[in-house]
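To start, the structure itself, in structure tokens.
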Amino acid sequence: MIDLRDCVSTYNDKKPVTFVEKSARGVITSSLSQTMEEQHLSPNMTDQLATIYAWTIDFFRLQPGDRFKVIYSEKYINDTIPAGLGEIKAVMFEHRGKPIYAFSFIGDSIMGITDYYDDEANNLRRAFLKAPVKFSRISSRYNLKRRIKFYGNRVRPHKGTDFAAPIGTPILATADGVVTKSERRGGNGKYVKIRHNGTYETQYLHMKAQNVKKGQHVRQGDVIGWIGMTGNTGGPHVCYRFWKNGKQVDPFKQDLPLSKPLEEKYQDTYFDHIAPLKGQLDNISF
Ligand SMILES: [Zn+2]
């Protein structure tokens with residue numbers, strides 16, 4: 001508080017925050033953010049919706065006519081001063097005529113993790129496969145401090161994880177996405193790179209041959225190429241590189257999204273919880 005009435009004084013204070021439940025709807029004409037603006041909704045809501053649907057809807061490829069309904073809470077100070085978006089409780093996002101529901105729910109009471117599930121209790125997030133090769137062993141892990149005798153014991157960071165397997169073994173896409181590169185280049189040899197969403201990309205090196213072309217959509221588990229020895233490699237393996245926000249990271253040290261459906265023991269509570277919310281959503285008309 002800055003008090004200007006008499007002489008200027010300042011002090012810190014706390015006011016209680018209350019949450020007010022609200023609902024909104026919108027139809028996409030050009031972009032989600034423009035629709036949000038037209039509806040006087042917070043840009044934070046755009047971010048949150050994009051995060052909730054990161055694995056199910058490509059927000060860069062929304063179609064005019066895609067539409068949504070949302071139930072959320074807004075924060076208020078003293079019940080009167082708006083203080084921003086609270087929680088998104090329930091959403092119906094219709095993309096290409098297909099509605100996808102999302103309900104926030106604490107699916108892990110021990111960890112207290114809130115996640116979004118659809119109307120059948122499926123988690124909206126999808127995991128990556130643990131490995132791009134079904135039967136393989138890790139021959140070299142991600143290691144930024146790797147030293148190699150051959151190079152005079154100098155540090156040669158290894159920003160991938162090597163999975164050794166016989167030549168010709170199928171290499172699988174670890175998650176759904178779009179092929180952004182399928183080419184042969186220097187030490188990488190023949191390789192494929194896939195963009196999964198706004199955050200994650202994966203890359204697969206030293207293939208004998210690729211099985212996909214640039215621009216192609218792939219599903220998790222699709223064969224995108226075969227193990228080989230092209231480029232800079234001492235033996236047959238795939239060097240699997242995992243990109244997060246444009247940087248190579250160790251996929252085994254990432255807090256990666258879950259794909260498990262909601263645990264059986266929570267499901268009754270979940271369906272009781274979402275029934276009135278779904279009813280509320282379905283009653284909002286465009
Ligand atoms: Zn490697």
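Sequential numbering from 1 applies to the sequence shown in the numbering used here.
Just so you know, even glycine gets a beta-carbon here, dropped at the ideal spot from N, CA and C.
Given the structure is predicted, the values throughout are model-derived calculations rather than measurements.
#1: Per DSSP, which residues does R137 bridge with? Please list them.
#2: Using a 10 Å radius around the Cβ and a threshold of 16 neighbouring Cβ atoms, would you call Y11 buried or exposed?
#3: Taking 7 Å as the cut-off, does the CB of S140 come closer than this to any heavy atom belonging to ligand 1?
#4: Helix, strand or coil for Y117 per DSSP?
#5: Which residues does DSSP pair with Y240 in a beta bridge?
#6: Quick one: Cα of I284 to Cα of T56, how far?
#7: Taking the alpha carbon of Y142 as the point to measure from, which residue in Q248, Y116 and R184 has its own alpha carbon closest?
#8: Determine the direct distance from the alpha carbon of E74 to that of V192, and round the result to whole angstroms.
#9: By alpha-carbon positions, which one of A131, I138, G186 and G198 ends up nearest to H206?
#10: According to DSSP, is T180 part of a helix, a strand, or is it coil?
#11: Is S182 buried or exposed, if buried means 16 or more other CB atoms sit within 10 Å of its CB?
#12: Out of F242, G234, F128 and V155, point me to the one whose CA is closest to T174's CA.
#13: Ordered along the chain, which non-local residues of its own chain (more than five positions away) have a Cβ less than 7 Å from that of H217?
#14: Apart from the five residues just before and just after W226, which ones in its own chain have a Cβ nearer than 8 Å to its Cβ?
#15: Return the chain-ordered list of same chain residues with a C-beta closer than 7 Å to the C-beta of T29, the five sequence neighbours on each side being excluded.
#16: For Q254, I'd like the list of residues in its chain whose CB is within less than 8 Å of its CB, leaving aside the five on either flank, ordered along the chain.
#17: Taking one C-beta from the region 68-85 and one from the region 12-32 each time, how about it: are there three or more such pairs within less than 8 Å?
#18: In chain order, what residues of the same chain lie with their CB nearer than 6 Å to the CB of I2, ignoring the 5 residues before and after it?
#19: Helix, strand or coil for L33 per DSSP?
#20: CA-CA distance, Y117 and L124?
Reading it off the structure:
#1: By one-based count along the sequence shown, residue 137 stands at place 137. R137 is bridged to A164.
#2: Translated into positions along the sequence shown, residue 11 becomes position 11. The residue is exposed, with fewer than 16 neighbouring Cβ atoms inside 10 Å.
#3: If you number the sequence shown from 1, residue 140 lands on position 140. At least one heavy atom of ligand 1 is nearer than 7 Å to the Cβ of S140, so yes.
#4: Against the sequence shown, residue 117 aligns to sequence position 117. Looking at Y117 - three-state DSSP - the assignment turns out to be strand.
#5: Within the sequence shown, numbered from 1, the residue matching residue 240 stands at position 240. For Y240, which the question treats as bridged, DSSP gives the partners T161 and Y204.
#6: Numbered from its first residue, the sequence shown carries residue 284 at position 284. Numbered from its first residue, the sequence shown carries residue 56 at position 56. Cα to Cα, I284 sits roughly 23 Å from T56.
#7: By one-based count along the sequence shown, residue 142 stands at place 142. Nearest C-alpha to Y142: Q248.
#8: Here residue 192 refers to the residue found at position 192 when the sequence shown is read from its first residue. Here residue 74 refers to the residue found at position 74 when the sequence shown is read from its first residue. Approximately 44 Å between the Cα atoms of the pair.
#9: On the sequence shown, position 206 is the one that residue 206 refers to. It is G186.
#10: As a working mapping, residue 180 is identified with position 180 in the sequence shown. Correct three-state label for T180: strand.
#11: Numbered from its first residue, the sequence shown carries residue 182 at position 182. So S182 ends up on the buried side.
#12: Residue 174 sits at position 174 when you count from the first residue of the sequence shown. Comparing Cα positions, the closest option is F128.
#13: For the purposes of this step, residue 217 is taken as the residue at position 217 of the sequence shown. Only V178 meet the Cβ criterion.
#14: Taking the sequence shown and counting its residues from 1, the one referred to as residue 226 is at position 226. Within the same chain, W226 has close Cβ partners I167, G168, T169, P170, I171, M207, K208, A209 and N211.
#15: If you number the sequence shown from 1, residue 29 lands on position 29. Contacts found: T35 and P64.
#16: In the sequence shown, counting from the first residue as 1, residue 254 sits at position 254. The answer, listed in chain order, is F242 and K244.
#17: yes
#18: Position 2 of the sequence shown holds residue 2. Cβ neighbours of I2 beyond the five flanking positions: T10.
#19: Position 33 of the sequence shown, counted from the first residue, corresponds to residue 33. The sequence shown places Ser at residue 33, not Leu. Here S33 sits in helix by DSSP.
#20: The residue you call residue 117 lines up with position 117 of the sequence shown. The residue you call residue 124 lines up with position 124 of the sequence shown. Their Cα atoms are separated by approximately 5 Å.
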